[in-house]
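These notes concern the structure reproduced below.
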Amino acid sequence: MGIPPIYPDNEVIMAAMDRIENRWRLILSETNSGAWNMALDEAILESASAGESPPTLRLYAWEPPCLSLGYAQPFTDIDQGSLRQKGWDLVRRPSGGRAILHTDELTYALIAPDNHPDFMGGVLESYRHFSRGLARTLVFLGLEPEMQNTSLIQDDFQHSPVCFQIPSIYEITVQGKKLIGSAQVRRRHGALQHGTLPLTGDITRICQVLNYANPDERRNAATKLEATASTVEDLLGKAPSWQRAAEAMTHAFSESLGMQFDRDEISADERQRAEELIAARYHHREWITRI
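In terms of the working numbering, the sequence shown is residues 91 to 381.
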C-alpha cells in the first residue's frame, strides 16, 4: 500500500533532475468548455515544443459537463440523443484512450518539450515517473493508492468505450478501483500528459450517453464500471473541494518529483492560438466525427 518505490530507471531520472533547477509554470484555470480546455492544452503543447513556453502544469475544470472521446475512438460509441437530452458538451481529445465524462473533477495537464527530464525515457517511463506524483496526491487527500505494474484489462473490457473501466499499466488505483485516468501525446518535439481525478458524483453517469445494444447491456456496463472505478468521495467518505485537490496535487509533484512552481497565466500568444484551434478544429463536427 502507499507510494510505490522508485524504480531503477526512475532513480536515473531523479538524479538528473537533482542536478538542475526544475522550474514549472503553474496555471490554475477557471472552468471552461471542453473545446477551450482541449484547444488550450494543444496550444501550450505547440508553444512548449517550440521553446516559447516554459514547462507547464495546468489544473482546470469543465463547465458544462463534457464527454470527451479519445483521438482514435469511434464516434459511434456515443448515444447522440441521450447526450443532447442531458445538455452535456462533447469534444474529441488530442490524446488517445477512451471516453471520459468530465464533471465534478480535477483535471491536470503536464506539458513540456519531449526532451525535458520529466518526460525522459519515452511514454511508459514518463507515465511511471508522473504516477509517483499522482499517487502522492491521493496520499495528501487521505487515501492509500497503488500503482498498477501490469495492465488489468480483462477480455470482457477489451471493447468497452469507457476509460475508467480499464486500469492500465502504471495507472493509480485505490482499493482495487481506478481513480485517476491519464493519456499522453507527443508531437513536434513536445509532450502532453493530461488526466482526470473524479472528486464526487455518480461514476456510472457516463453510461447514460454511450451506445449499448439494449437497456440490459447499459445496466450491466454501469454495474461493471461501479465495481472497477470510483471517486474520492466514495472512497474517503467526503469530497474535497477543487481548490483542496489542486493544492494536494501541486504539493505532491513538488515533493515527489522536485518541481518548483511559479504561478502564472497563459500568454497572449497561447490564448490566440487556442482560439484559432477552436475555430479550426474543436468546434468542427468533422473533427468530432472523424472516426
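Beta carbons: idealized from backbone N, C-alpha and C, even for Gly.
Computed from a predicted structure; not experimentally measured.
- [ ] Decide if the stretch 171–181 is in contact with the stretch 112–120; the criterion is three or more beta carbon pairs, one per stretch, under 8 Å apart.
- [x] no
Open item on the list: When you compare the CB positions of residue 224 and residue 272, do they come within less than 9 Å of one another, or not?
Closed with: As a first step, residue 224 must be located in the sequence shown, where it is residue number 134. As a first step, residue 272 must be located in the sequence shown, where it is residue number 182. Closer than 9 Å, so yes.
Open item on the list: Under 8 Å, with one C-beta from each stretch per pair, do the stretch 298–318 and the stretch 331–351 reach the 3-pair mark?
Closed with: Counting C-beta pairs closer than 8 Å gives fewer than three between the stretch 298–318 and the stretch 331–351, which falls short of the contact rule.
Task: Status (buried if at least 16 other CB within 10 Å, exposed otherwise) for residue 370 - done: In the sequence shown, the residue the question calls residue 370 occupies position 280. So residue 370 counts as exposed.
Task: Residue range of the beta strand (DSSP E) that includes residue 184 - done: If you number the sequence shown from 1, residue 184 lands on position 94. Neither: residue 184 is in no beta strand (DSSP E) and is coded neither H nor E.
TODO: Could you tell me if residue 127 is buried or exposed, where buried requires 16 or more neighbouring beta carbons within 10 angstroms of its beta carbon?
DONE: As a first step, residue 127 is located in the sequence shown; it is residue number 37 there, counting from the start. So residue 127 ends up on the buried side.
TODO: Let me know if residue 328 comes out buried or exposed under the rule of 16 or more other beta-carbons within 10 Å of its beta-carbon.
DONE: Position 238 of the sequence shown, counted from the first residue, corresponds to residue 328. Exposed, because fewer than 16 other Cβ atoms sit within 10 Å of the Cβ of residue 328.
- [ ] Return helix, strand or coil for residue 280, following the three-state DSSP convention.
- [x] Counting from 1 along the sequence shown, the entry for residue 280 is found at position 190. Strand, per DSSP.
Task: Chain-order list of residues whose beta-carbon lies under 7 Å from that of residue 209 (same chain, five-residue window excluded) - done: Here residue 209 refers to the residue found at position 119 of the sequence shown. Correct list, in chain order: 202, 216, 281.
Task: residue 318 to residue 200 span [Cα, whole Å] - done: Taking the sequence shown and counting its residues from 1, one reaches residue 318 at position 228. Taking the sequence shown and counting its residues from 1, one reaches residue 200 at position 110. The straight-line gap from Cα to Cα measures roughly 26 Å.
Task: Runs of beta strand (DSSP E) lying entirely within the stretch 115–164, each at least 3 residues, in chain order - done: Segments of the beta strand (DSSP E) lying fully in the stretch 115–164: 146–150, 156–159.
- [ ] Compute the beta-carbon to beta-carbon distance between residue 342 and residue 226, rounded to the nearest angstrom, for a pair I have assumed lies under 8 Å.
- [x] Within the sequence shown, the letter at position 252 stands for residue 342. Within the sequence shown, the letter at position 136 stands for residue 226. So it is a contact: roughly 4 Å between Cβ atoms.
TODO: Look at the alpha carbon of residue 265 and the alpha carbon of residue 316, and state the distance between them as a whole number of angstroms.
DONE: Within the sequence shown, the letter at position 175 stands for residue 265. Within the sequence shown, the letter at position 226 stands for residue 316. Each residue's Cα considered, the two are about 13 Å apart.
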